[in-house]
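Numbering (my numbering), first residue to last: 406 to 766.
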């Protein structure tokens with residue numbers, strides 16, 4: 406049995422693949438420890454995984470503005486120090502980083518300690534932390550066709566996105582029953598990802614009458630900091646929730662989803678074959694959500710509306726709902742994408758490095 410450390414906190418897009426990989430590792434009797442942040446989104450997501458071991462790490466992002474940049478460095482030193490203590494106590498055979506500010510401290514600590522480091526980047530534009538860690542990591546797993554400049558090609562691998570075991574598609578009628586929605590009428594899932602999206606919540610609020618006139622049900626996930634448009638009623642046709650613990654049912658029940666375009670969301674949409682209109686978060690680091698969305702549109706998996714053109718969302722959504730052939734074509738493209746999500750490559754390489762205490766044969 407090997408011990409594997411996973412640095413994966415900060416956003417749902419970093420945390421979800423860490424949880425998925427840890428689930429697979431533990432099913433093979435390996436011991437895992439997931440370093441997460443103290444943010445609300447991490448606490449909400451981890452609460453249900455009582456079979457996994459989590460520890461709160463330290464760190465902050467290299468945000469805009471002079472103050473953020475000044476505060477970043479003492480925070481990083483603190484993260485390295487606390488990670489060194491954790492590494493000495495846990496004694497992992499290998500570290501896998503999923504990007505974001507939570508990865509830097511443990512990555513540097515493991516580099517100092519001589520522990521192999523693997524990196525997983527889910528987005529089509531690698532983030533700052535991944536680009537930095539890639540310079541001293543043993544292996545980097547990236548979306549198909551994506552490469553990081555000035556890094557050996559031998560270290561970079563096409564891979565997929567680890568999807569949690571619970572994200573399993575189910576029949577639409579069963580999914581709707583799970584969520585207490587009727588099987589008649591169409592259902593739109595609206596979600597801004599783990600952090601919510603006020604622009605999407607406002608879109609739902611502004612179109613209540615239109616939805617009711619067209620017998621359309623809406624499940625709107627506002628995120629931890631989101632503001633629900635009305636008190637949630639479990640029997641209402643339009644519902645607002647800060648968070649959903651039944652995402653597989655939510656995807657499976659929906660005729661269409663309106664979402665941000667984080668890599669994790671796209672992987673889960675593909676798994677559940679849920680057509681989508683993507684509204685990329687315009688201020689995401691390196692505009693990676695737009696890059697993800699463009700790729701999905703070119704693959705036929707989704708359509709995209711930039712946030713600045715949100716007034717076009719109504720036309721796009723109703724055009725799709727009224728054209729079943731377009732939705733079916735999207736489902737077929739999503740199935741093709743899911744068939745090429747070879748994230749088991751990551752699992753295999755983690756185990757290869759973990760053998761012999763981190764010495765890869």
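Yeah, the Cβ is synthetic: ideal placement off N, Cα and C, and Gly gets one too.
### Message
Applying the 10 Å Cβ sphere with the 16-neighbour rule, what's the burial state of residue 688?
### Response
Within the chain shown, the letter at position 283 stands for residue 688. Exposed is the call here.
### Query
Cα-Cα, which of 441, 433, 678 is closest to residue 424?
The residue given as residue 424 occupies position 19 in the chain shown. The residue with the shortest Cα to Cα distance from residue 424 is 441.
### Message
Counting only beta-carbon separations shorter than 8 angstroms, does residue 532 have a partner in chain D?
### Response
Looking for chain D here will not work: only one protein chain is present.
#### Entry: With 16 other Cβ atoms within 10 Å as the buried cut-off, status of residue 415
Translated into the one-based positions of the chain shown, residue 415 becomes position 10. Per the 10 Å Cβ criterion, buried.
### Task
Kindly list the residues whose CB is nearer than 6 angstroms to the CB of residue 701, restricted to its own chain and excluding five residues on each side of it in sequence; keep chain order.
Here residue 701 refers to the residue found at position 296 when the chain shown is read from its first residue. Closer than 6 angstroms at Cβ, skipping near neighbours: 671, 707.
### Query
Going by C-alpha distance, which of 617, 736, 699 is nearest residue 660?
Here residue 660 corresponds to residue number 255 of the chain shown, with the count starting at 1. Residue 736 is the option with its Cα nearest to residue 660.
### Task
Would you please state the rounded distance, in angstroms, between the beta carbons of residue 538 and residue 522? I believe it to be under 8 angstroms.
Counted from its first residue, the chain shown places residue 538 at position 133. Counted from its first residue, the chain shown places residue 522 at position 117. About 7 angstroms separates the two Cβ atoms, so the contact holds.
### Query
From this set, 524, 536, 570, 582, which residue's C-alpha is nearest residue 564's C-alpha?
As a working note, residue 564 is residue 159 in the chain shown. Among 524, 536, 570, 582, the Cα nearest to that of residue 564 belongs to 524.
### Message
Buried or exposed, going by whether 16 or more other CB atoms sit within 10 Å of the CB of residue 693?
### Response
Stepping through the chain shown from its first residue, residue 693 is reached at position 288. The residue in question, residue 693, is buried, as its Cβ has 16 or more Cβ neighbours within 10 Å.
### Task
Please list, in chain order, all residues of the same chain as residue 667 whose beta carbon is under 6 angstroms from its beta carbon, the five residues on each side excluded.
Against the chain shown, residue 667 aligns to sequence position 262. The beta carbon of residue 667 is closer than 6 angstroms to those of 418, 598 in its chain, skipping five residues each way along the sequence.
#### Entry: residue 498, buried or exposed, once every other Cβ within 10 Å from all chains shown has been counted against 16
As a working note, residue 498 is residue 93 in the chain shown. With 16 or more other Cβ atoms within 10 Å, it is buried.
#### Entry: Beta bridge counterpart(s) of residue 551 as assigned by DSSP
Position 146 of the chain shown, counted from the first residue, corresponds to residue 551. Answer is none; residue 551 lacks a bridge partner.
### Query
Excluding five sequence neighbours on each side, which residues of the same chain lie with their C-beta closer than 6 angstroms to the C-beta of residue 530?
Working through the chain shown from its first residue, we reach residue 530 at position 125. The residues are 691, 693, 696.
#### Entry: Segment contact flag, the stretch 564-574 with the stretch 740-752, C-beta cutoff 8 angstroms, min 3 pairs
Segments in contact, yes.
### Query
Are there 16 or more other CB atoms within 10 angstroms of the CB of residue 685, so buried, or fewer, so exposed?
In the chain shown, residue 685 corresponds to position 280, counting from 1. By the 10 Å Cβ count, residue 685 comes out buried.
### Message
Can you list, in chain order, the residues of its chain with a C-beta nearer than 6 angstroms to that of residue 518? Leave out the 5 residues immediately preceding and following it.
### Response
In the chain shown, the residue the question calls residue 518 occupies position 113. Excluding sequence neighbours, residue 518 sits near 492.
### Query
Using a Cβ-Cβ cut-off of 6 angstroms (strictly less than) and excluding sequence neighbours within five positions of residue 512, which residues of its own chain qualify?
Looking up residue 512 in the chain shown gives position 107. 502, 522, 538.
### Task
Using three-state DSSP, classify residue 408 as helix, strand or coil.
Translated into the one-based positions of the chain shown, residue 408 becomes position 3. Under the three-state reduction of DSSP output, residue 408 falls in the strand class.
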